[in-house]
Amino acid sequence: MKNKKVVILGGGLAGLAAADKLLENGFDVLILEKAPFLGGLASSFVQDDEQIPRFNHHIVKSNTITLDYLKRYDLLGNNIWKKIKMAMAIDGKLHNINTPIGLLNFDYLSFAGRIRLGLFGAYLIFRLNPDNIPDDMDAESWLLKYAGKEVTEKIWHQLYARNKFNIELNKISAKQFAHRLYEKEGYDDFTFPTRGLQGMIDGLEKDATKKNAKILIKTDILDLDIKNKTIKYKVDNNEPVEEDFDILINTIPVPELLKFMKNLPDDYVDKIKKLKYVPVVGLCFGTKDFLDKNHYWINLIKERIHVIYQHSLLIDKYKNKVTWCVRYGGSEEDIKLPDDEIKEKYLGVLKKYFPDIELNWCYVFREKYAEPIYDKDYLSYAPNYETPIPYFFNSGIQVTFPKIRNMNVALESGINVASIIKGKFK
Ligand SMILES: Cc1cc2nc3c(=O)[nH]c(=O)nc-3n(C[C@H](O)[C@H](O)[C@H](O)COP(=O)(O)OP(=O)(O)OC[C@H]3O[C@@H](n4cnc5c(N)ncnc54)[C@H](O)[C@@H]3O)c2cc1C
Numbered sequence: 047m048k049n050k051k052v053v054i055l056g057g058g059l060a061g062l063a064a065a066d067k068l069l070e071n072g073f074d075v076l077i078l079e080k081a082p083f084l085g086g087l088a089s090s091f092v093q094d095d096e097q098i099p100r101f102n103h104h105i106v107k108s109n110t111i112t113l114d115y116l117k118r119y120d121l122l123g124n125n126i127w128k129k130i131k132m133a134m135a136i137d138g139k140l141h142n143i144n145t146p147i148g149l150l151n152f153d154y155l156s157f158a159g160r161i162r163l164g165l166f167g168a169y170l171i172f173r174l175n176p177d178n179i180p181d182d183m184d185a186e187s188w189l190l191k192y193a194g195k196e197v198t199e200k201i202w203h204q205l206y207a208r209n210k211f212n213i214e215l216n217k218i219s220a221k222q223f224a225h226r227l228y229e230k231e232g233y234d235d236f237t238f239p240t241r242g243l244q245g246m247i248d249g250l251e252k253d254a255t256k257k258n259a260k261i262l263i264k265t266d267i268l269d270l271d272i273k274n275k276t277i278k279y280k281v282d283n284n285e286p287v288e289e290d291f292d293i294l295i296n297t298i299p300v301p302e303l304l305k306f307m308k309n310l311p312d313d314y315v316d317k318i319k320k321l322k323y324v325p326v327v328g329l330c331f332g333t334k335d336f337l338d339k340n341h342y343w344i345n346l347i348k349e350r351i352h353v354i355y356q357h358s359l360l361i362d363k364y365k366n367k368v369t370w371c372v373r374y375g376g377s378e379e380d381i382k383l384p385d386d387e388i389k390e391k392y393l394g395v396l397k398k399y400f401p402d403i404e405l406n407w408c409y410v411f412r413e414k415y416a417e418p419i420y421d422k423d424y425l426s427y428a429p430n431y432e433t434p435i436p437y438f439f440n441s442g443i444q445v446t447f448p449k450i451r452n453m454n455v456a457l458e459s460g461i462n463v464a465s466i467i468k469g470k471f472k
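Numbering-wise, the working numbering comes out as the position in the sequence shown, counting from 1, plus 46.
Okay, here's the thing in structure tokens:
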């Protein structure tokens with residue numbers, strides 16, 4: 047009997063993991079990727095012969111699925127696990143709040159606020175169970191109860207509402223927010239594979255190609271008729287091609303899918319088109335020295351950039367010290383600016399905290415769909431793995447609510463969708 051043919055839209059981690067599992071189970075696979083490279087949000091660029099992720103990426107010990115893939119491609123072994131230090135950057139000053147003394151000296155909050163923040167931290171570590179939070183509860187109501195008014199307004203409103211999603215805290219899902227906190231990123235062990243993330247993406251590509259998957263990059267999808275199971279696409283400047291398929295998996299952002307998808311039921315389209323994404327604009331740059339030798343992760347409050355990650359504090363293998371700084375919520379106003387203007391604006395903020403910074407190289411990266419906006423109604427419209435069409439499935443970060451959006455859940459979603467398809471079609 048002929049193998050069933052699965053078309054996968056998007057060659058990010060979800061698409062690659064789905065392909066990997068489907069190929070193991072005797073499906074034919076075609077991956078269509080728009081970008082000139084695979085790996086999506088987790089892809090890398092090359093600087094001084096080293097692969098560096100476009101956007102800040104690290105792995106924590108609880109990311110067991112990511113770790114399994116890295117092991118499969120022999121990318122772990124001599125990597126170093128580290129506890130990281132975080133800081134808050136406010137009004138030109140860095141505050142280290144990792145220790146009780148640091149917290150007590152954190153004069154951005156009143157003394158009572160500092161104690162409340164400490165107690166909230168202890169609650170997160172010892173008591174929090176995100177699964178007990180109602181699906182439609184908003185983050186503000188939940189925070190006011192557990193963190194108090196001052197900490198909610200001066201810390202979480204800034205970090206999660208303004209910086210992360212650029213919507214009000216009372217619109218954000220408490221459950222998803224709590225899942226994020228539950229990961230206890232600040233306390234877990236952090237690492238980054240010595241040979242980079244790209245080895246995992248290249249390994250998955252190589253394995254899929256060995257099993258006769260067709261993987262096309264630089265692909266524009268022109269038309270997708272879900273009723274007739276046909277897809278028309280163009281690779282680079284070549285002539286358009288039309289193909290039939292048996293099964294379709296979508297891993298690309300929903301607004302992109304809806305641009306070319308035909309014959310989906312109207313009520314399904316009306317539902318999933320409510321999904322909104324937050325963009326990200328960031329710099330990745332190399333310097334001779336670290337910005338400071340302590341803080342891997344610096345959250346900025348009331349600034350144009352939102353987080354600084356000193357990558358080389360996790361893995362000091364590059365010719366330069368590598369750092370990212372990123373803006374999420376509100377970065378839609380930056381996404382169309384020329385690189386020079388973004389550099390000028392973002393470096394202006396960096397210099398307030400690190401006046402001596404001198405860059406040896408610096409790149410701007412932008413992504414329109416960095417993360418779904420997990421608002422409190424997310425579950426009422428979010429796509430699920432299964433759809434009203436029995437041979438059309440979703441995967442990727444849009445189906446992983448309420449878990450924190452990371453490589454681990456993207457890979458897991460690829461594995462999950464493949465197993466659902468295997469169960470239905472084998
Ligand atoms: C700034 C930032 C920091 C992050 N930090 C971490 C971290 O520290 N640790 C961690 O584990 N994870 C991190 N992540 C998350 C991680 O990168 C993602 O969860 C994961 O890569 C998502 O994989 P995906 O396949 O679901 O989606 P994507 O990577 O978005 O894959 C979708 C693919 O579809 C393609 N596509 C889009 N439109 C079309 C189209 N019309 N036709 C064909 N293809 C199309 C895209 O080019 C992309 O390759 C971070 C993400 C960002 C943005």
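C-beta: ideal position from N, C-alpha, C; glycine also.
Which whole-angstrom value is the C-beta distance of residue i and residue j, which I expect to be below 8 Å?
i, j, result
"Val410", "Tyr431", "So it is not a contact: roughly 35 Å between Cβ atoms."
"Ile318", "Tyr427", "6 Å"
"Asn296", "Asn440", "5 Å"
"Asp269", "Lys278", "4 Å"
"Ala135", "Asn345", "7 Å"
"Pro99", "Leu243", "6 Å"
"Trp202", "Ala224", "That belief does not hold up - the Cβ atoms of Trp202 and Ala224 are roughly 11 Å apart, past 8 Å."
"Cys371", "Ile354", "5 Å"
"Leu457", "Tyr115", "6 Å"
"Tyr323", "Tyr420", "Incorrect: roughly 10 Å between the Cβ atoms, too far for contact."
Please confirm whether any heavy atom of ligand 1 lies closer than 8 Å to the CB of residue i.
i, result
"Asn454", "yes"
"Glu417", "yes"
"Ile298", "yes"
"Glu251", "no"
"Ala81", "yes"
"Val53", "no"
"Phe331", "no"
"Phe91", "no"
"Ala185", "no"
"Gly242", "no"
"Arg451", "yes"
"Leu121", "no"
"Ser441", "yes"
"Glu413", "yes"
"Arg104", "The sequence as given places His at residue 104; Arg does not occur at that position. Result yes, Cβ under 8 Å from ligand 1."
"Ile277", "no"
"Glu488", "In the structure displayed, the chain extends from 47 to 472; residue 488 sits before or after that span and is not available."
"Leu87", "yes"
"Glu458", "no"
"Lys320", "no"
"Ile461", "no"
"Thr237", "no"
"Ile267", "yes"
"Phe447", "no"
"Val326", "yes"
"Ala60", "yes"
"Asn109", "yes"
I'd like the list of long-range same chain contacts for residue i, defined as Cβ closer than 6 Å, with 5 residues on each side in sequence excluded.
i, result
"Glu349", "Val395"
"Lys107", "Asp234, Asp235"
"Gly86", "Gly58"
"Gly61", "Ile54, Ile77, Thr297"
"Gly138", "Lys398"
"Tyr228", "Leu174, Pro176"
"Gly194", "Arg162"
"Lys308", "Asp271"
"Ile247", "Leu84, Gly85"
Near residue i, which residues of its chain fall below 8 Å by C-beta distance, leaving aside the five closest residues on each side in sequence?
i, result
"Tyr314", "Thr433, Pro434"
"Tyr169", "Tyr192"
"Lys339", "Leu359"
"Leu190", "Thr198"
"Lys389", "Leu329, Cys408, Val410"
"Ile171", "Lys230, Tyr233"
Among the residues of its own chain, which have a CB less than 7 Å from the CB of residue i, if the five just before and after it don't count?
i, result
"Pro82", "Ile263, Lys264"
"Asp181", "Lys221, Leu425"
"Leu506", "Here the chain comprises residues numbered 47 to 472, so residue 506 is not present and cannot be evaluated."
"Gln97", "Ser90, Gly242, Gln244"
"Ala207", "Ile213, Glu214, Leu215, Ile218"
"Ile461", "Ala63, Lys67"
"Thr255", "Ile261"
>> For a minimum of 3 consecutive residues, which ranges assigned as the beta strand (DSSP E) are wholly contained in the region 165-250?
In response: 235-237
>> So within the region 55-143, which uninterrupted alpha helix (DSSP H) runs reach at least 4 residues, ignoring any that extend past its ends?
In response: 59-70, 110-118
> Which runs of the beta strand (DSSP E), 3 residues or longer, sit entirely within the region 349-397?
Replying inline: 353-355, 367-373
> Which runs of the alpha helix (DSSP H) fall wholly inside the region 394-436 and span at least 4 residues, in chain order?
Replying inline: 424-427
> What are the start and end residues of each continuous beta strand (DSSP E) run of 3 or more residues lying completely inside the region 263-342, in chain order?
Replying inline: 265-271, 276-281, 287-290, 293-296, 323-333
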